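Residues 1020 to 1365 in the working numbering are what the sequence shown lists, from first letter to last. We put the beta carbon where it would ideally sit given N, CA and C, even for glycine. Treat the numbers as computed from the prediction; the structure is a model and nothing was measured. In what follows, a structure is listed as C-alpha cells, so that the remarks can point back to it.
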Amino acid sequence: MTREGLPFDWQKTVWDSLANALKGQSLPHAFLLEGERHIGKTLFTRAFAKLVLCKNRKDNLACGACRSCSMISAGTHPDRLELESGENHVSIKVDDVRLLSTFSQRSSHSGAARIAIIPEAHRMNSSASNALLKTLEEPQDQVYIILTSSEFGRLSATVRSRVQRIKMRSPSLQETTDFLSDELEEEGVLEFLRLSRGKPFIDGPEFSRQELSHYRDFQRCVLDTLFFKKSSYELQKCAFKLKPHSAIDEFFLIASEILKRNFIEQEGDNEKPCVSKEDISNIRSKQNSALEKAEFSENLATFISFVESAQKVMKSSSNPNPQLLLDSLIWRWERLGSSLEKRNIN
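In C-alpha cells, the structure reads:
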C-alpha cells in the first residue's frame, strides 16, 4: 500500500463515489470531508486532486506517470493549491483564503480543472470564513474546492450550508493494525496505537520511527521530572522535539492515567500503558497516608484542568501562542513534582 495516489481500505467507498461523480461530470463544486483526526483525510484529498488533474485516469485511479501526476508529486502543479494553517498549525487567515480566490479566478494552465484543498477548515478565523463565502457562492467552471474537518461544528454555519458534507469513517482496529504492520514491528504497532489512540496517523503522514522515539523520550522525561530526576529545562528540551499541541496532548494522557491508576491496587496486563507499573508504584510509595493520596490527586486533577484549558485555547481562533501554553504546563508539572517529593521550588 502506498501513501500517494491510492485510497486506504477504509476510504474506498467514499473514493469510488467521488471518482464516479468525476467520471460522470457531476462532482460537487465544493465538498467537505468530515471525520476524526488522524485517519488520512488530507492524504485522501491530495490523492483525489491527483486523480482530478491526471491526463490518463484508469479504473478510478491516477496513472502516476503523466506530466500532470509528476508535477503534483513534485509539488509544482500550477492548477493545484493547498492552504496551510500557519507555522503552529493554529489558524487559517484571510490572506490565505484570498490566495484561493485569486487561484480560482485565473485560467487553468493545463486547460482543464483546477483544485484547491483546505485541510482542517475549522481553523479558518471569521474573516477567512467570510472571504471564502464569495468563492463558494460564485463557483467557477471546473474549479473544485475540497475542505476537511475533524470539528464540523466549528465551521461557520454559512460555510457549512454551501458545501456538500461527506462523512469519512474511521478505520477499524484491524484495518489500522494491518496498515501499520507494513511499516512497524509488532511492538512498534502496539506503541503507535496507544500514542495515536487507535488511529493510523500521528501528526500527519510523515510520522516516522524517529518521531515515535521522541514521543517515548518525552513520556520518560515527564515522569522523571515528576520524580525530580530531571529539571523543567530538560523537559522543555524533550518537548521541543514534538509539536506543542502534541506535547500538550501527551501531558493530558499521562496525567489522566496517573490519576486513574493511583487508586487501583490490582491492574490487568491487557493494556499497554504509557506509565509503567514501576512508576505507579514509585508514585504510591511517596504518599504515606490517605490524606496525602487525596492531596496529590487533587493537585493532579487541577493540573489536568489546566491542560484541558490549554487544549481548548489551542483549538480557538484567537491566535494563541502554543509554546507559552506548553511552558506554563511544564512549570506547573514541576511544581506538582515538588508537592509529591515534599520539596519547595523558590
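Kindly provide the ranges of any beta strand (DSSP E) runs that are 3 or more residues long and lie completely inside the segment 1049-1094, ordered along the chain. 1049-1053
Under 8 Å between C-beta atoms of Glu1055 and Ser1189: In contact: Glu1055 and Ser1189 (Cβ atoms closer than 8 Å).
Tell me whether Glu1157 sits in a helix, a strand or coil according to DSSP, three-state version. Note: Glu1157 maps to coil in three-state DSSP.
Could you check the C-alpha separation between Lys1248 and Leu1062 for me, to the nearest Å? 41 Å
Whole angstroms are fine: how far does the CA of Arg1173 sit from the CA of Ala1150? 16 Å
List, from N- to C-terminal side, the beta strand (DSSP E) runs of 3 residues or more that fit wholly inside the segment 1168-1235. 1183-1186
Does the Cβ of His1128 have 16 or more other Cβ atoms within 10 Å, making it buried, or fewer, making it exposed? exposed
Looking only at DSSP bridge pairs, what is Val1019 linked to? Only positions 1020 to 1365 of the chain appear in the structure, and residue 1019 is not among them; the question remains open.
Report the CB separation of Leu1070 from Ala1081 in whole angstroms; it is logged as a contact under 8 Å. 5 Å
Could you tell me whether the Cβ atoms of Pro1138 and His1264 are closer together than 8 Å? no
Enclosing beta strand (DSSP E) for Ala1135 [first to last residue]: Arg1133 to Ile1137
Any idea which residues DSSP pairs Tyr1252 with across the strands? Partner(s): none; Tyr1252 has no beta bridge.
Chain D within 8 Å of Lys1248, Cβ atoms only: In summary, chain D is missing from the structure at hand, where a single protein chain is found.
Measuring CB atoms only, is the segment 1024-1039 touching the segment 1154-1163, in the sense that at least three cross pairs come out at less than 8 Å? With a cut-off of 8 Å, the segment 1154-1163 and the segment 1024-1039 do not count as touching, because too few Cβ pairs lie within range.
Run through the DSSP bridge pairs and tell me what Arg1099 is partnered with. Answer by DSSP bridge pairing, in chain order: Ile1134.
Excluding the five sequence neighbours on either side, which residues of its own chain have a C-beta within less than 8 Å of the C-beta of Asn1289, listed in chain order? Low local confidence applies: a pLDDT of 46 at Asn1289 is under 50, so the model's placement there is unreliable, with the coordinate-based value given in what follows. Cβ neighbours of Asn1289 within its own chain (closer than 8 Å, five residues either side excluded): none.
Cβ neighbour criterion (16 or more within 10 Å) applied to Ile1283: exposed
For Asp1236, the nearest candidate out of Arg1216, Ala1258, Gln1306 and Gly1043 (CA to CA): Ala1258
Alpha-carbon to alpha-carbon, Phe1315 and Leu1359: 7 Å
Which residue's Cα is closest to the Cα of Arg1354: Lys1262, Phe1246 and Phe1198? Phe1246
Mapping DSSP to helix, strand and coil, what is Leu1046? coil
Which same chain residues end up closer than 8 Å to Leu1102 when comparing Cβ atoms and leaving out the 5 residues on each side of it in sequence? Ile1111, Asp1115, Val1116, Leu1118, Leu1119, Ala1135, Ile1136, Ile1137 and Pro1138
To which residues of the same chain is Asn1107 closer than 6 Å at the C-beta, ignoring the five residues directly before and after it? Any reading at Asn1107 is ruled out, since the residue's pLDDT is 49, under 50, leaving its predicted position unreliable.
What first and last residue would you give for the alpha helix (DSSP H) that runs through Ala1309? For Ala1309, the uninterrupted alpha helix (DSSP H) segment begins and ends at Ala1309 to Lys1334.
Return helix, strand or coil for Lys1283, following the three-state DSSP convention. First, the residue type needs correcting, since residue 1283 is Ile and not Lys in the sequence shown. Ile1283 falls in the coil class under three-state DSSP.
Please report the straight-line C-alpha distance between Pro1292 and Leu1203, rounded to a whole angstrom. 19 Å
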